[in-house]
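Visitor: Per numbering that gives the first Met the number 0, the sequence shown starts with residue 0, numbered consecutively. Don't be surprised by glycine CBs; every beta carbon is placed ideally from N, CA and C. Predicted model only: the values in this text are computed from it and were never measured.
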Amino acid sequence: MCIDYRQRNKVTIKNKYPLLRIDDLFDQLKGATVSSKIDLRSSYYQLRVKDSNVLKIVFRLRYGHYEFLVMPFGLTNAPIIFMDLMNLIFRPYLDIFVVVFIDDILIYSRDESEHAEHLRIVLRTLRVKQLYDKFRKCEFWLREVKFLGHNVSSFEQSEALLTEAPVLVQPESGKEFVIYSDASLNGLGCVLMQEGKVIAYASRQLKPHEKSYPMHNLELAAIVFALKIWCHHLYDEKCHIFTDNKSLK
0 MCIDYRQRNK VTIKNKYPLL RIDDLFDQLK GATVSSKIDL RSSYYQLRVK
50 DSNVLKIVFR LRYGHYEFLV MPFGLTNAPI IFMDLMNLIF RPYLDIFVVV
100 FIDDILIYSR DESEHAEHLR IVLRTLRVKQ LYDKFRKCEF WLREVKFLGH
150 NVSSFEQSEA LLTEAPVLVQ PESGKEFVIY SDASLNGLGC VLMQEGKVIA
200 YASRQLKPHE KSYPMHNLEL AAIVFALKIW CHHLYDEKCH IFTDNKSLK
């Protein structure tokens with residue numbers, strides 16, 4: 000159930016909290032070979048509302064008035080409050096082997112034995128704090144990490160291609176093309192390939208109006224950028240495009 004709290008939100012003092020930057024996330028995951036993801040069940044409902052604030056979030060149905068005893072969805076500060084709670088709980092492990100984004104928890108490790116210990120620590124912490132996960136949405140012992148709509152393996156593959164020595168080949172008509180594209184808060188980058196061999200690289204800085212784009216729009220802009228500059232190669236040819244943003248698929 001989600002109540003319309005727009006009028007309440009207008010008079011609420013907004014909390015400020017620094018959220019995780021996607022590029023910082025990728026920096027943390029470098030060197031990790033195995034990961035697990037935990038999704039908390041009805042996350043906001045696991046946080047109890049202070050007794051003195053219960054009357055502020057009363058709602059009415061045709062059957063009468065009701066009170067939320069736990070934090071409801073729709074309150075302007077709800078994500079920030081929950082994020083602060085999660086970071087407080089996992090503070091000893093943040094930037095070491097845990098990434099938290101609201102109710103999503105990512106555990107990453109260099110090898111399997113290390114990961115087993117990291118999982119035990121995180122699951123024990125959740126049990127002690129009486130936070131419950133949605134088991135069917137959890138994933139364990141992953142070699143390819145999809146987190147916050149991004150595929151880390153694809154990102155690392157693009158990064159490797161962009162940093163290796165540029166040995167380029169000539170395109171061949173009739174053979175399938177492959178484009179790897181990526182975007183960050185600074186610019187767009189892409190690689191054009193055939194049969195695993197690089198044909199061309201391209202990149203550019205973000206234009207002023209693009210700096211306000213959400214990440215999925217920047218990822219789409221990287222694809223459009225690649226298709227425009229290599230249209231003379233791609234015309235009437237088959238082409239596969241790989242991006243690390245899940246929402247574009």
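How many Å lie between serine 153 and threonine 242 at the Cα?
Guide: As a working note, residue 153 is residue 154 in the sequence shown. As a working note, residue 242 is residue 243 in the sequence shown. Here serine 153 scores only 49 on pLDDT, less than 50, and its place in the model should not be relied on; the value that follows carries that caveat. Those two C-alpha atoms are separated by around 7 Å.
Visitor: Cα separation between leucine 46 and methionine 70?
Guide: One-based indexing of the sequence shown puts residue 46 at position 47. One-based indexing of the sequence shown puts residue 70 at position 71. Going by the C-alpha atoms only, they are around 6 Å apart.
Visitor: Would you mind stating whether valine 33 and glutamate 111 have Cβ atoms separated by less than 7 Å?
Guide: Mapped onto the sequence shown, residue 33 falls at position 34. Mapped onto the sequence shown, residue 111 falls at position 112. By the CB criterion at 7 Å, valine 33 and glutamate 111 fall inside the cutoff.
Visitor: Closest to proline 170 by C-alpha separation, out of Cys230, Ile88, Cys1 and His117, would be which residue?
Guide: Your numbering for residue 170 matches position 171 in the sequence shown. Ranking Cys230, Ile88, Cys1 and His117 by Cα distance to proline 170 puts Cys230 first.
Visitor: Give me, in chain order, the residues of the same chain whose beta-carbon lies closer than 7 Å to that of isoleucine 79; leave out the 5 immediate sequence neighbours on both sides.
Guide: On the sequence shown, residue 79 is found 80 positions in, with the first residue counted as 1. The residues are Asn14 and Tyr16.
Visitor: Can you tell me whether DSSP reads leucine 219 as helix, strand or coil?
Guide: Locating residue 219 in the sequence shown gives position 220, where the first residue counts as 1. Per DSSP, reduced to three states, the secondary structure at leucine 219 is helical.
Visitor: Between the Cα of valine 177 and the Cα atoms of Tyr200, Ser183 and Leu184, which residue gives the shortest distance?
Guide: As a working note, residue 177 is residue 178 in the sequence shown. Of Tyr200, Ser183 and Leu184, the residue nearest in Cα terms is Tyr200.
Visitor: Pairing CB atoms from the segment 204-215 with CB atoms from the segment 232-241, are three or more of them under 8 Å?
Guide: no
Visitor: Apart from the five residues on each side of it in sequence, which residues of its chain come closer than 7 Å, Cβ to Cβ, to glycine 30?
Guide: Your numbering for residue 30 matches position 31 in the sequence shown. Excluding residues within five positions, the ones whose Cβ falls inside 7 Å are Arg109.
Visitor: How is the beta strand (DSSP E) around lysine 15 delimited, first residue to last?
Guide: As a working mapping, residue 15 is identified with position 16 in the sequence shown. Looking at the DSSP string, lysine 15 is not in any beta strand (DSSP E), and its letter there is neither H nor E.
Visitor: With which residues is leucine 191 paired in a DSSP beta bridge?
Guide: If you number the sequence shown from 1, residue 191 lands on position 192. Partner(s): Ile178 and Ala199.
Visitor: Contact defined as beta carbons within less than 8 Å: I believe glutamate 218 pairs with leucine 247. What is the distance between those atoms, to the nearest angstrom?
Guide: Against the sequence shown, residue 218 aligns to sequence position 219. Against the sequence shown, residue 247 aligns to sequence position 248. Indeed, because the Cβ distance is near 6 Å, the residues count as touching under 8 Å.
Visitor: Go to arginine 123, then tell me how far its alpha helix (DSSP H) extends in each direction, as first and last residue.
Guide: The count along the sequence shown starts at 1 and reaches residue 123 at position 124. From DSSP, the alpha helix (DSSP H) with arginine 123 extends over 111-127.
Visitor: Span of the beta strand (DSSP E) holding aspartate 235?
Guide: If you number the sequence shown from 1, residue 235 lands on position 236. From DSSP, aspartate 235 is part of no beta strand (DSSP E); its letter is neither H nor E.
Visitor: Among residues of its own chain, excluding the 5 on either side of tyrosine 131, which ones have a beta-carbon nearer than 6 Å to its beta-carbon?
Guide: Taking the sequence shown and counting its residues from 1, one reaches residue 131 at position 132. Excluding sequence neighbours, tyrosine 131 sits near Arg40.
Visitor: Within 10 angstroms of the Cβ of isoleucine 222, are there 16 or more other Cβ atoms? Answer buried if so, exposed if not.
Guide: The sequence position of residue 222 within the sequence shown is 223, counting from 1. It is buried - the Cβ of isoleucine 222 has at least 16 other Cβ atoms within 10 Å.
Visitor: Looking only at C-alpha atoms, which of Leu122, Lys206, Ser51 and Leu125 sits nearest to leucine 68?
Guide: Counting from one through the sequence shown, the residue named residue 68 turns up at place 69. Of Leu122, Lys206, Ser51 and Leu125, the residue nearest in Cα terms is Ser51.
Visitor: Determine the extent of the beta strand (DSSP E) in which aspartate 103 is found, giving its start and end residues.
Guide: Working through the sequence shown from its first residue, we reach residue 103 at position 104. 103-108 is the extent of the beta strand (DSSP E) around aspartate 103.
Visitor: Could you give the distance in angstroms between the alpha-carbon of threonine 194 and the alpha-carbon of cysteine 238?
Guide: Translated into the one-based positions of the sequence shown, residue 194 becomes position 195. Translated into the one-based positions of the sequence shown, residue 238 becomes position 239. Going by the sequence as given, residue 194 is glutamate instead of threonine. Spanning the two alpha carbons is a distance of roughly 12 Å.
Visitor: Give me the DSSP bridge partner(s) of valine 99.
Guide: Stepping through the sequence shown from its first residue, residue 99 is reached at position 100. DSSP output for valine 99 lists Ile104 as bridge partner(s).
Visitor: Fully enclosed by the segment 36-65, which beta strand (DSSP E) runs are 3 residues long or longer?
Guide: If we require 3 residues or more, the beta strand (DSSP E) runs fully inside the segment 36-65 come out as 58-60 and 63-65.
Visitor: State the CB to CB distance for the pair glycine 73 and cysteine 1, rounded to an integer number of angstroms; the pair is presumed to be in contact (CB under 8 Å).
Guide: Here residue 73 corresponds to residue number 74 of the sequence shown, with the count starting at 1. Here residue 1 corresponds to residue number 2 of the sequence shown, with the count starting at 1. Glycine 73 to cysteine 1, Cβ: 5 Å. Contact.
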